[in-house]
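Peer 1: The structure under discussion is supplied below as structure tokens; questions concerning it will follow.
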Amino acid sequence: MEKSNARWSVVAIASVAAICAAVAVPLAAGATPDLPEKSAEEVLALVAESQGAAFSGTLLQTSDLGLPEIPSVAGDSGDELQSGLELLTGSHEARVFAGGEDRIRVQILDELAERDVIRNGDDVWFYDSAVNEATHLVLSEHDAPTPTSIPTPAEIADGLLDAVEPSTEVSVESHARVAGRDAYVLSLVPRTDQTLVAAVTLSVDAETGLPLSVEVSARGQDDPAFAVAFTQIDFSAPDPALFDFSAPATAEVTEKLAPTTDSAHSSYPDDSAPAPVVTGTGWNSVITVSSPAASAGDPADGNGDEADYTALLSQLTSPVAGGRAIQTSLMSILLTDDGRVLVGAVPTERLLAVAGQ
Numbered sequence: 002m003e004k005s006n007a008r009w010s011v012v013a014i015a016s017v018a019a020i021c022a023a024v025a026v027p028l029a030a031g032a033t034p035d036l037p038e039k040s041a042e043e044v045l046a047l048v049a050e051s052q053g054a055a056f057s058g059t060l061l062q063t064s065d066l067g068l069p070e071i072p073s074v075a076g077d078s079g080d081e082l083q084s085g086l087e088l089l090t091g092s093h094e095a096r097v098f099a100g101g102e103d104r105i106r107v108q109i110l111d112e113l114a115e116r117d118v119i120r121n122g123d124d125v126w127f128y129d130s131a132v133n134e135a136t137h138l139v140l141s142e143h144d145a146p147t148p149t150s151i152p153t154p155a156e157i158a159d160g161l162l163d164a165v166e167p168s169t170e171v172s173v174e175s176h177a178r179v180a181g182r183d184a185y186v187l188s189l190v191p192r193t194d195q196t197l198v199a200a201v202t203l204s205v206d207a208e209t210g211l212p213l214s215v216e217v218s219a220r221g222q223d224d225p226a227f228a229v230a231f232t233q234i235d236f237s238a239p240d241p242a243l244f245d246f247s248a249p250a251t252a253e254v255t256e257k258l259a260p261t262t263d264s265a266h267s268s269y270p271d272d273s274a275p276a277p278v279v280t281g282t283g284w285n286s287v288i289t290v291s292s293p294a295a296s297a298g299d300p301a302d303g304n305g306d307e308a309d310y311t312a313l314l315s316q317l318t319s320p321v322a323g324g325r326a327i328q329t330s331l332m333s334i335l336l337t338d339d340g341r342v343l344v345g346a347v348p349t350e351r352l353l354a355v356a357g358q
């Protein structure tokens, strides 16, 4: 496998770990709304009914995972690892347009540029205006869900709620106002102390059931670790023209194979890479991708793009037995010398134990 595939494995797994175990956002201030009482099961049913809702809005993502802030990058789509990690640090704003289950557009607003993910039916486009590069793929009925660069609260909620029982205690915590909307606040508490996650709070629009924000607390940390929430939302159907995309004539366009449900390991997929292996269940599960090209190796190796890649890994990770690792407030990543990448919402010691099995 080429190095670029390994980079996407790291970014994709880190993103999945963040989505499933590291999202935090402060709820909007204001008077607590007086809503009809609902059980946790009724609120979860309300979320399920919101699938395919049409809306447009603005998302704010903020991160405090203990990673150094990595600036937005321009380059050959470039440094995928750096670009992916950059979305897990600092603050980012995005516009989101949803026109139903198979129409969505996410625009990440960078300084003097933007990154777009557009799905219109079977067509999916990724476009970076800073480097004028586009990637296109065509979905089939067996393809995995389309990844977006900044996940919406609904996408995060899907991953969280799929594993609600029996590993999680769920209750209705309170009512709140989020993005000017009345919301039920669900509390999700892991039934284990073997995870870095202390609790998750999910705010659900009381009228539509659409998740508006997701909050996760890290053990031993007072401030939010990673935040994605709507600051403004409109439930009117967006203009269908927003989902029509054609790459600029001067853009470099790459055609890619769509990920299948069995091999959705990369945001820009490549079917030559093996599918991840999951060890354990619930909050202490560990995801492993095997790839000789992803080995920790020697940070001094490489030249050009590879030198930049290894230098960034060296900056972010520390030597451990058999590889290099980083532990943030809500997730850990281990790159082994034999070419495996392990990720989980667990301490590094758990990854080392799984790697040694």
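Per the numbering used here, the sequence shown starts with residue 2, numbered consecutively.
Where is the CB? At the ideal position from N, CA and C, for every residue including glycine.
(1) Could you check whether Leu161 and Leu197 sit closer than 8 Å to each other, using their CB atoms as the reference points?
(2) Tell me the DSSP bridge mates of Gln328?
(3) Roughly how many angstroms separate the alpha carbons of Ser286 and Leu331, rounded to a whole number?
(4) Quick check on the DSSP output: the alpha helix (DSSP H) that includes Pro225 runs from which residue to which?
(5) If we ignore side chains and look at the alpha-carbon of each, how far apart do Ala29 and Leu61 end up?
(6) Under the three-state reduction of DSSP, which class applies to Thr196: helix, strand or coil?
(7) Taking the alpha-carbon of Leu110 as reference, which of Val125, Asp129 and Ile288 has the nearest alpha-carbon?
(8) So for Ala18, helix, strand or coil by DSSP?
(9) Ser319 and Arg1 - do their beta-carbons sit closer together than 8 Å?
(10) Tell me the DSSP secondary structure of Glu3 in three-state form.
(11) Given a threshold of 16 other Cβ atoms within 10 Å of its Cβ, counted over all protein chains shown, does Pro225 qualify as buried or as exposed?
(12) Below 8 Å between beta carbons: does that hold for Val215 and Val229?
(13) To the nearest angstrom, report how far apart Ser268 and Glu112 are at their CA atoms.
(14) Return the residue from the list Gly357, Leu336, Thr33 and Thr337 that minimises the CA-CA distance to Glu1.
(15) Does the distance from the C-beta atom of Asp123 to that of Val139 stay below 8 Å?
(16) In its own chain, which residues sit with a C-beta less than 7 Å from the C-beta of Glu38, not counting the 5 before and 5 after it?
(17) Starting from Val44 and walking both ways along the alpha helix (DSSP H), at which residues does that stretch end?
Peer 2: So, from the data block:
(1) Remark: C-beta atoms of Leu197 and Leu161 do not approach each other more closely than 8 Å.
(2) Beta-bridge pairing links Gln328 to Ser333.
(3) In a straight line, the C-alpha of Ser286 is about 13 Å away from that of Leu331.
(4) For Pro225, there is no enclosing alpha helix (DSSP H), as DSSP marks it with neither H nor E.
(5) For Ala29, the pLDDT reaches just 43, beneath the cut-off of 50, and the residue's location in the model is therefore unreliable, leaving the point undetermined.
(6) It is coil, neither helix nor strand.
(7) If we check each option's Cα against that of Leu110, Asp129 comes out closest.
(8) Only weak support is given to the placement of Ala18: the predicted model assigns it a pLDDT of 39, under 50, and the value that follows is read from those uncertain coordinates. Here DSSP, grouped into helix, strand and coil, assigns Ala18 to helix.
(9) Residue 1 is absent from the structure shown; the chain starts at 2 and stops at 358.
(10) Residue placement at Glu3 is poorly supported in this model, since its pLDDT is 40, which falls under 50; the coordinates are not used for a value here.
(11) Counting other Cβ atoms within 10 Å of its Cβ, Pro225 reaches 16 or more and is therefore classed as buried.
(12) Contact: yes.
(13) Residue confidence for Ser268 is low, a pLDDT of 40 falling below 50, so the modelled location carries little weight; the figure read from the coordinates is stated next. Whole-angstrom Cα-Cα distance: 23 Å.
(14) Outside the displayed range of the chain (2 to 358) lies residue 1, so it cannot be described from this structure.
(15) Contact: yes.
(16) The beta carbon of Glu38 is closer than 7 Å to none in its chain, skipping five residues each way along the sequence.
(17) For Val44, the enclosing alpha helix (DSSP H) has its first and last residue at Ala41 to Glu50.
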